[in-house]
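Trainee: Numbering (the working numbering), first residue to last: 2 to 189. Quick one: the structure is below, and I'll ask about it shortly.
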Amino acid sequence: MMGWIFSVLFCIGTLYATFTLGGDAALSAMLLGASESVLLCIKLLGTYMLFMGLMSVAKEAGLLIALSRRLKRVISWLLPEAKQATGAIALNFAANMLGMGNAATPFGLEAMRLMQLENKNKNTATGTMCAFLAINASALEIIPTTMIGLRAAYGSASPAAIVLPTLISSGTATFVTVLICRRLLKKR
């Protein structure tokens, strides 16, 4: 389905650019966009390699497990019905907080699978599943590796200056999400 949507959007965009800019300008704009995307990927590759290496060292040193242990109490309070999934949820949240989105995904999928096992109505997500998804989407992030990489790739004088604003904004978003989820879960 998504393939069709992107194909239609691409065709509409190409036709619009061709008719408004002309064929030559549209083609050169598409080629320029493609080459700039490749250059950005190459620039980000170094940043990702550095941060994923550091995160791998942190994971091997037990930082992810230690952080997830600390989060288990909070998760038991936030999502009391997710008994079996607490460990996977804690690992998911910890990985996201450390900027390890790729490592967080399998834990998030495992948490949803475990919550689905406890679900009585298999065709409908539970309130706990929805709350987990909402909190996960708000994603409290301590180390915003992608934004640091983008800022470095585009020549920022201080790429890590984004850390404090990201912490404040993601912390606020997570706090508001938790409040809303707790309130909605109490209504059920």
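Cβ atoms here follow ideal geometry from the backbone N, Cα and C, with glycine treated the same way. Predicted model, so just to flag it, every value in this text is computed and none were measured.
1. Residue range of the alpha helix (DSSP H) that Y49 falls in?
2. Tell me the rounded alpha-carbon separation between G54 and I66.
3. With F133 and A112 assumed to form a contact (beta carbons below 8 angstroms), what rounded beta-carbon distance in angstroms separates them?
4. Check A67 in the structure and name its three-state DSSP category.
5. Output the boundary residues of the alpha helix (DSSP H) element that contains E119.
6. Counting Cβ pairs closer than 8 angstroms, one from the stretch 140 to 147 and one from the stretch 114 to 126, do we hit at least three?
7. According to the Cβ coordinates, are M116 and A135 closer than 7 angstroms?
8. Reducing DSSP to helix, strand and coil, say where M2 ends up.
9. Given this structure, state the Cα-to-Cα distance separating M2 from D25, to the nearest angstrom.
10. Would the stretch 44 to 59 and the stretch 147 to 154 be scored as touching if the rule is three or more Cβ pairs under 8 angstroms?
11. In whole angstroms, what is the alpha-carbon distance linking G31 and P160?
Mentor: If we stick to the structure as given:
1. If you number the sequence shown from 1, residue 49 lands on position 48. Its alpha helix (DSSP H) spans residues G24 to E61.
2. To locate residue 54, count along the sequence shown from 1; it is residue 53. To locate residue 66, count along the sequence shown from 1; it is residue 65. In a straight line, the C-alpha of G54 is about 17 angstroms away from that of I66.
3. What you label residue 133 is simply residue 132 of the sequence shown in a count that begins at 1. What you label residue 112 is simply residue 111 of the sequence shown in a count that begins at 1. With 8 angstroms as the limit, F133 and A112 qualify as a contact, their Cβ atoms being about 6 angstroms apart.
4. Position 66 of the sequence shown, counted from the start, is the residue given in the question as residue 67. It is helical.
5. Translated into the one-based positions of the sequence shown, residue 119 becomes position 118. Its alpha helix (DSSP H) spans residues G102 to E119.
6. no
7. The residue you call residue 116 lines up with position 115 of the sequence shown. The residue you call residue 135 lines up with position 134 of the sequence shown. No, Cβ-Cβ distance for M116 and A135 is not below 7 angstroms.
8. Reading the sequence shown from its first residue, position 1 is the one you call residue 2. Coil at M2, not helix or strand.
9. The sequence position of residue 2 within the sequence shown is 1, counting from 1. The sequence position of residue 25 within the sequence shown is 24, counting from 1. Cα to Cα, the separation comes out at about 31 angstroms.
10. yes
11. Sequence index remark: in the sequence shown, residue 31 carries index 30 (1-based). Sequence index remark: in the sequence shown, residue 160 carries index 159 (1-based). The displayed chain sequence assigns Met, not Gly, to residue 31. Looking at the two C-alpha atoms, the distance is approximately 29 angstroms.
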